[in-house]
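Enquirer:
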Amino acid sequence: MRVACVAGLGSSDCLFLLLAHRRSAPVKKPVGKPRTKQPKKVKFITTEIRCQEMSKGGLAYEVILAEPVGVPVPRRADSPEKTPSVEEIQEKLKAAEERRRSLEASKMAAIAQKMQKIEEASRIRSEQTNNFIVNTKEALDAKMETHEEKREAYINELRARLKDHLEGVEKTRLTLEQQTMEVYKAIEEKMNTAADKRDENIKKMLERLREHEEQVRKVRAGNHERFQQLESAIQEKLQQAADRRLMLEAEQKEKLRNHNQKLAEVRSAATAKVEEITKDIETKLTAAEQNREKEMQKKLDFVKKEPYRGDVQEIMNSGMIGIVLLLLIQSIRSQSEDPRATRGAGPTEQERARRERGRGHRHVRLDGLCTPPHHTTTPPRDEPKDSYHNSNMPNYQRHLTTLS
Numbered sequence: 001m002r003v004a005c006v007a008g009l010g011s012s013d014c015l016f017l018l019l020a021h022r023r024s025a026p027v028k029k030p031v032g033k034p035r036t037k038q039p040k041k042v043k044f045i046t047t048e049i050r051c052q053e054m055s056k057g058g059l060a061y062e063v064i065l066a067e068p069v070g071v072p073v074p075r076r077a078d079s080p081e082k083t084p085s086v087e088e089i090q091e092k093l094k095a096a097e098e099r100r101r102s103l104e105a106s107k108m109a110a111i112a113q114k115m116q117k118i119e120e121a122s123r124i125r126s127e128q129t130n131n132f133i134v135n136t137k138e139a140l141d142a143k144m145e146t147h148e149e150k151r152e153a154y155i156n157e158l159r160a161r162l163k164d165h166l167e168g169v170e171k172t173r174l175t176l177e178q179q180t181m182e183v184y185k186a187i188e189e190k191m192n193t194a195a196d197k198r199d200e201n202i203k204k205m206l207e208r209l210r211e212h213e214e215q216v217r218k219v220r221a222g223n224h225e226r227f228q229q230l231e232s233a234i235q236e237k238l239q240q241a242a243d244r245r246l247m248l249e250a251e252q253k254e255k256l257r258n259h260n261q262k263l264a265e266v267r268s269a270a271t272a273k274v275e276e277i278t279k280d281i282e283t284k285l286t287a288a289e290q291n292r293e294k295e296m297q298k299k300l301d302f303v304k305k306e307p308y309r310g311d312v313q314e315i316m317n318s319g320m321i322g323i324v325l326l327l328l329i330q331s332i333r334s335q336s337e338d339p340r341a342t343r344g345a346g347p348t349e350q351e352r353a354r355r356e357r358g359r360g361h362r363h364v365r366l367d368g369l370c371t372p373p374h375h376t377t378t379p380p381r382d383e384p385k386d387s388y389h390n391s392n393m394p395n396y397q398r399h400l401t402t403l404s
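Position 272, counted from 1, in the sequence shown is what UniProt numbering calls 272; the numbers after and before it change by one each time, with no gaps.
#1: What does the Cβ neighbour count give for Met-115, buried or exposed, with the cut at 16 atoms within 10 Å?
#2: Rounded to whole angstroms, what's the CA-CA distance from Arg-151 to Thr-175? Just pull it up for me.
#3: At the level of alpha carbons, what is the spacing between Thr-278 and Lys-304?
#4: In this structure, how does DSSP classify Ser-55 when only helix, strand and coil are distinguished?
#5: Taking only the alpha-carbon atoms, compute the straight-line gap between Glu-167 and Glu-177 and give it to the nearest angstrom.
#6: Compute the Euclidean distance between the alpha carbons of Arg-208 and His-224, then round it to the nearest angstrom.
#7: How is the alpha helix (DSSP H) around Thr-283 delimited, first residue to last?
#8: Can you grab the Cα-Cα spacing for the pair Ser-85 / Leu-93, in whole Å?
#9: Taking DSSP as the reference, what is the three-state secondary structure of Thr-377?
#10: Nearest-angstrom Cα distance between Gly-310 and Ala-288?
#11: Which term fits Ile-281, buried or exposed, when burial requires 16 or more other beta carbons within 10 angstroms of its beta carbon?
#12: Taking only the alpha-carbon atoms, compute the straight-line gap between Ala-95 and Ile-133 and give it to the nearest angstrom.
#13: Considering only residues of the same chain and omitting the five flanking positions on each side of Arg-217, which have a CB-CB separation below 8 Å?
#14: From Gln-113 to Glu-98, what does the alpha carbon distance come to, in whole angstroms?
#15: With DSSP as the reference, label Ala-60 as helix, strand or coil.
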C-alpha cells in the first residue's frame, strides 16, 4: 500500500501515525457479505436408545431415530453454468483495479485529513501547555513574593516577642534572686532558733526519761511481789485441781466397777430367765405335740367306727390299705394345722401367742424386768425382721424373740 507523507513529518512518523490510527479505528462489518440460510428444523422421534460401557466408569449412548416426519422441500432445478468470455473478465479486472485505486485514494485522503487534525491538536495542546506554564510561573512568583513578605513580618514579630520575653525573664530572675536571698536568711534564722529549741527539748526528754525509769523501777518492785503472790496462789489452785481430778477418777472407776458388776448380775439374771422361759416353752411344745397325737388318734378311731368301715375293710382286703392310711393322715394333719377346720381341738401355740398379744400380756425383757399391760407396744413396721423370718432358729427361740 502506498502512503503519502504529510509535509513536515518523516516517513517513519507517518507510518507510526498510520499504525496508531489503524489500531484505534473501529472494525467495520463488510457490507457485501452474503448471508447463508439456516436449514429448516425437522422433527425427529426417538425410537430406541442403546447404552454401552466403553471404558471403566464411562458410558456411550446410541440413539436411533426414525424417518423424518413432514413433506420434504422440493429441490430447485439447477441453473445452467455460464462460461464468461475474455472480454468480460478483462472488464471486470479493470473495474476492480479502478475500485481499488479509488479506495486507496479515499483512504489516503482520510489519513491526510486525520494527520492534519492531529497536527492541529498537537499545536493547540503545545500552545495551551506553554500558556499554562507561563501563567503558573507568574502565579508561583506572586505567591513566593507574598510568602517572603509574610515570613519577614512573622520573623520581625517573633523577634519583638522574644525581646519582650527576655526582658520579662530577666526581671523575674532578679526578683527570684532577691526572694531566695530573703528566704535563705529567714531559714538560717529558723535553723538557729530550731537548734536552740532542739537542745532544750533534748534536755527535757532526758529528764522525763530519767523520771520514767525511776517510776518503772518502783512498779517492777511492786509487781514482783504481786507476781510471787499470784504464782503461789496458782500453784495452790493447780494442786487442788490435781487432787480433785484424782478423786474424780477414783469415783469414776468405782462407779464403773459397780456398773460392770450390775451388768454381770443383770446378764446372769437374764440368762437364767431365758433358760426358764425356754424350758417352759419346751414343756408347752411337748404337751402340744402330745395333744396333737391324741387328737389324731381320736380321728383315726372315729374313722374306723363310721358306717363305711365295710368299704375300708374291702379296700384293706384288696391291698390298698397303705394309700388310704396316707390320705387319711394327710387330711388329719391339714385339719389339725388349720385352726378353722379343727374347732373342736385345742388352740395351737401360734393362736395362744396371738391371743396373749391381743390381751396385752406382760412382755418379758432380757434384763429381768416386766412392764405392765398398758405399756405394751407393738414393734414398728420398719424394724428388720431377718432375725425372726430368715433365721433357722427353733420355734421356742422365735417365741422368745417375739416376747422380748
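Don't be surprised by glycine CBs; every beta carbon is placed ideally from N, CA and C.
Expert: In this structure, then:
#1: buried
#2: 36 Å
#3: 39 Å
#4: Residue state for Ser-55 is assigned as strand, using DSSP reduced to three classes.
#5: Here the C-alpha atom of Glu-167 lies approximately 16 Å from the C-alpha atom of Glu-177.
#6: In this structure, the alpha-carbon of Arg-208 lies about 24 Å from that of His-224.
#7: 86–304
#8: 13 Å
#9: Only weak support is given to the placement of Thr-377: the predicted model assigns it a pLDDT of 44, under 50, and the question is left unresolved by the model.
#10: Because Gly-310 carries a pLDDT of 48, less than 50, the predicted location of this residue cannot be relied on, and the following value inherits that uncertainty. Taking the straight line from one Cα to the other gives about 34 Å.
#11: Buried, since its Cβ has 16 or more Cβ neighbours within 10 Å.
#12: 56 Å
#13: So no residue of the chain qualifies.
#14: In this structure, the straight-line span from the alpha carbon of Gln-113 to that of Glu-98 is close to 22 Å.
#15: strand
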